[in-house]
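> For reference, the structure I am asking about is given below.
Below, the structure is given as structure tokens:
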């Protein structure tokens, strides 16, 4: 079965550089969530999209922006990178329109961002 | 407010049982349980909806007490592959973001 795809899997950047992370949800999934997980921490919600519109916003810095495109893939853009941005970034997708009252979030393999 | 999990860490011998608890200060719509190995993505275990249901498959089961806003994950006859960090993820309304708990690190030794 198809899973959530994230690219790149690893990314090394210098401070103040920019980075773009990509997420391709499971086909026919209409909702995408972005989470950030620091070393030894639990995943923290950043932002979500439903049917290409932002549906919720968490602790996402103003330096970060995201969008969901017409093909439902999503991109997380990160500018003016700081050392503290080093983390695992997960994308998860969900099918909200299948008619079921509850659905799991399927997580992608993550992108490991290292800021030097 | 982040859900609190207990215990923070536990070490078991293969074949022993474990219980991991997740408590929230907010009313919950659902609780999701995940297991995560170091550097990997969280792997979905199960969802429980409000209504106090209990679910299980194989040797892993869970319960959800809506009134107490608590969920418990039960691991019986633990296997080496059960090692990892367990997170509960809670939703206050349906189809929401997940708020993850503080995590429980489970180590299974032969």
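Protein chains in written order, with the working numbering: chain H, 82 to 197; chain P, 77 to 186.
Virtual Cβ for every residue (Gly too), placed ideally from N, Cα, C.
Quick caveat: nothing in here was measured; it's all calculated off a predicted structure.
So what does residue 156 of chain H bridge to, in DSSP terms?
To locate residue 156 of chain H, count along the first chain from 1; it is residue 75. DSSP, once it has assigned bridges, lists H:103, H:148 as partnering residue 156 of chain H.
> Assuming residue 119 of chain P and residue 105 of chain P make a contact with CB atoms under 8 Å, what is their CB distance in whole Å?
As a working mapping, residue 119 of chain P is identified with position 43 in the second chain. As a working mapping, residue 105 of chain P is identified with position 29 in the second chain. That pair is no contact at about 22 Å.
> By a C-beta neighbour count over all protein chains shown, 10 Å radius and 16 as the cutoff for buried, is residue 168 of chain P buried or exposed?
Taking the first residue of the second chain as 1, we reach residue 168 of chain P at position 92. Residue 168 of chain P is exposed by the Cβ-count criterion.
> Nearest to residue 148 of chain H by CA position, among H:84, H:101, H:140, H:108, is which residue?
Counted from its first residue, the first chain places residue 148 of chain H at position 67. When each option's Cα is compared against that of residue 148 of chain H, the closest is H:101.
> Where residue 99 of chain P and residue 98 of chain H are concerned, what is the direct C-alpha to C-alpha distance, given to the nearest angstrom?
Position 23 of the second chain, counting from 1, holds the residue named residue 99 of chain P. Position 17 of the first chain, counting from 1, holds the residue named residue 98 of chain H. Rounded to whole angstroms, residue 99 of chain P to residue 98 of chain H spans 40 Å at the Cα level.
> Do residue 163 of chain P and residue 123 of chain H have their CB atoms nearer than 8 Å?
In the second chain, residue 163 of chain P corresponds to position 87, counting from 1. In the first chain, residue 123 of chain H corresponds to position 42, counting from 1. For residue 163 of chain P and residue 123 of chain H, yes; Cβs fall inside 8 Å.
> Give, in chain order, every residue of the region 123-151 of chain H whose Cβ lies closer than 7 Å to some Cβ of chain P.
123, 124, 126, 129, 137, 139
> Check the C-beta distance from residue 110 of chain H over to residue 155 of chain H and give it rounded, since I have them as a contact under 8 Å.
Counting from one through the first chain, the residue named residue 110 of chain H turns up at place 29. Counting from one through the first chain, the residue named residue 155 of chain H turns up at place 74. That belief does not hold up - the Cβ atoms of residue 110 of chain H and residue 155 of chain H are roughly 11 Å apart, past 8 Å.
> Any C-beta of chain P sitting closer than 8 Å to the C-beta of residue 114 of chain H?
Walking along the first chain from the start, residue 114 of chain H turns up at place 33. It does: the Cβ of residue 114 of chain H has a partner Cβ on chain P nearer than 8 Å.
> Give the interface partners of residue 173 of chain P over in chain H, defined as CB-CB distance under 8 Å, in chain order.
In the second chain, the residue the question calls residue 173 of chain P occupies position 97. Residues of chain H passing the Cβ test: 114, 126, 129, 137, 139.
> Between residue 117 of chain P and chain H, is the shortest Cβ-Cβ distance under 8 Å, so that the two count as touching?
For this step, residue 117 of chain P is matched to residue 41 along the second chain. So yes, residue 117 of chain P belongs to the interface.
> Roughly how many angstroms separate the alpha carbons of residue 108 of chain H and residue 169 of chain H, rounded to a whole number?
Working through the first chain from its first residue, we reach residue 108 of chain H at position 27. Working through the first chain from its first residue, we reach residue 169 of chain H at position 88. When rounded, the distance between both Cα atoms is 23 Å.
> Residue 125 of chain H lies in the beta strand (DSSP E); which residues open and close that run?
For this step, residue 125 of chain H is matched to residue 44 along the first chain. Residue 125 of chain H -> beta strand (DSSP E) spans 125-131.
> So with CB distances below 7 Å, who are the chain P contacts of residue 185 of chain H?
Translated into positions along the first chain, residue 185 of chain H becomes position 104. Chain P residues near residue 185 of chain H: 108, 120, 123.
> Sorted by chain position, which residues of the same chain lie with C-beta nearer than 6 Å to residue 86 of chain H's C-beta, five sequence neighbours on each side aside?
For the purposes of this step, residue 86 of chain H is taken as the residue at position 5 of the first chain. Result list for residue 86 of chain H: 105, in chain order.
> What first and last residue would you give for the beta strand (DSSP E) that runs through residue 183 of chain P?
For this step, residue 183 of chain P is matched to residue 107 along the second chain. Start and end: 180-185.
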